[in-house]
Structures are given as structure tokens and as C-alpha cells.
Amino acid sequence: MSLKFVPDPSAWFKDRIFIFVQNTNLNQEDQFYQKLQTQLDESKDLPGKYIYKFIFPNLHSNQQDLQKVFVDFHPIYTQKVSKNAKYLSLTVTIYANSSSQVIDLYKKASKIKGIIML
Numbered sequence: 047m048s049l050k051f052v053p054d055p056s057a058w059f060k061d062r063i064f065i066f067v068q069n070t071n072l073n074q075e076d077q078f079y080q081k082l083q084t085q086l087d088e089s090k091d092l093p094g095k096y097i098y099k100f101i102f103p104n105l106h107s108n109q110q111d112l113q114k115v116f117v118d119f120h121p122i123y124t125q126k127v128s129k130n131a132k133y134l135s136l137t138v139t140i141y142a143n144s145s146s147q148v149i150d151l152y153k154k155a156s157k158i159k160g161i162i163m164l
């Protein structure tokens, strides 16, 4: 997060300073999804098979939450537990109709606590 100090030149707000808070993380996230959508649109692979990869703490609730995101898309799951059983790697394969659908599912999955999207 960055802070910008911007003096307002209008007479009504004379000698006052306004602070605008800019959430750069959100901006980076938006840029990431825009770039991904462009790449997906240019690849011409959609509609078609799309593979998601996730890593998250090995908790049953995390796995259930992630599976709920994809339940309507007839997913194929492949999972692997880390050597110390602390993390779970889950690969999800679905048939995606559009880049917007792919991104929407990424955004839903990103709300799961501790998830890493690859």
C-alpha cells in the first residue's frame, strides 16, 4: 500500500492536505488477470481443457472449499501430499468455455485461506 499526499488547490480546501490510499496489491492483481485474459484469448485454446494447479496447507476444509469452486465443471482432480504432509498440491482439470470463466474460477479460488495458485 502506498500513500500519496496531494494538496488541493481550490480555495474552499485551502491549506488542507488530502491523503489518497492506493492499494497497489489490488492493482497488481488486476494487471495479472488482464494479462492472463489476453494470453488466453490469444492462445485460441479455449473453449477446451484447462489445468489449474494449487498448493495449500493440508487441511480437509481447504480441499473441500476448493472442490466447491469447481463442482459445476465436472473436474478431474490429481493430488499429491508433501513429504512432511504439511501441504497438499491439487491439480484440477476442467473444460473451460472462455478466458473469463477461467479467470472467474481463479478469483473464487483465491479467496481460500493459504492457497497458492501456480
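Everything in the sequence shown is counted per the working numbering, starting at 47 for the first residue and increasing by one. Beta carbons: idealized from backbone N, C-alpha and C, even for Gly.
Taking Cβ to Cβ, would you say Asn143 is nearer than 9 angstroms to Leu86? For the purposes of this step, residue 143 is taken as the residue at position 97 of the sequence shown. For the purposes of this step, residue 86 is taken as the residue at position 40 of the sequence shown. In this structure, Asn143 keeps its C-beta atom at 9 angstroms or more from the C-beta atom of Leu86.
Please say whether Ile149 and Gln74 have beta carbons closer to each other than 9 angstroms? Counted from its first residue, the sequence shown places residue 74 at position 28. Counted from its first residue, the sequence shown places residue 149 at position 103. Cβ distance not < 9 angstroms, so Gln74 and Ile149 don't count as in contact.
Curious, which full-length alpha helix (DSSP H) runs of at least 4 residues does the segment 88 to 153 contain? You should have 106 to 116.
Could you check whether Thr124 and Lys95 sit closer than 9 angstroms to each other, using their CB atoms as the reference points? For the purposes of this step, residue 95 is taken as residue 49 along the sequence shown, with counting starting at 1. For the purposes of this step, residue 124 is taken as residue 78 along the sequence shown, with counting starting at 1. Going by C-beta atoms, Lys95 is not nearer than 9 angstroms to Thr124.
Compare the Cα-Cα distances from His120 to each of Gln77, Ile97, Ser145, Lys90 and report the closest residue. What you label residue 120 is simply residue 74 of the sequence shown in a count that begins at 1. Of Gln77, Ile97, Ser145, Lys90, the residue nearest in Cα terms is Ile97.
In its own chain, which residues sit with a C-beta less than 6 angstroms from the C-beta of Lys99, not counting the 5 before and 5 after it? One-based indexing of the sequence shown puts residue 99 at position 53. Only residues of its own chain outside the window of five on either side were considered, and among them Thr137, Leu164 have a CB closer than 6 angstroms to the CB of Lys99, listed in chain order.
Rounded to the nearest angstrom, what separates Asp118 and Tyr141 at their Cα positions? Taking the sequence shown and counting its residues from 1, the one referred to as residue 118 is at position 72. Taking the sequence shown and counting its residues from 1, the one referred to as residue 141 is at position 95. Rounded to the nearest angstrom, the two C-alpha atoms are 11 angstroms apart.
Ile158 and Ile101 - do their beta-carbons sit closer together than 9 angstroms? Translated into positions along the sequence shown, residue 101 becomes position 55. Translated into positions along the sequence shown, residue 158 becomes position 112. Against a cut-off of 9 angstroms, the Cβ pair of Ile158 and Ile101 comes out as no contact.
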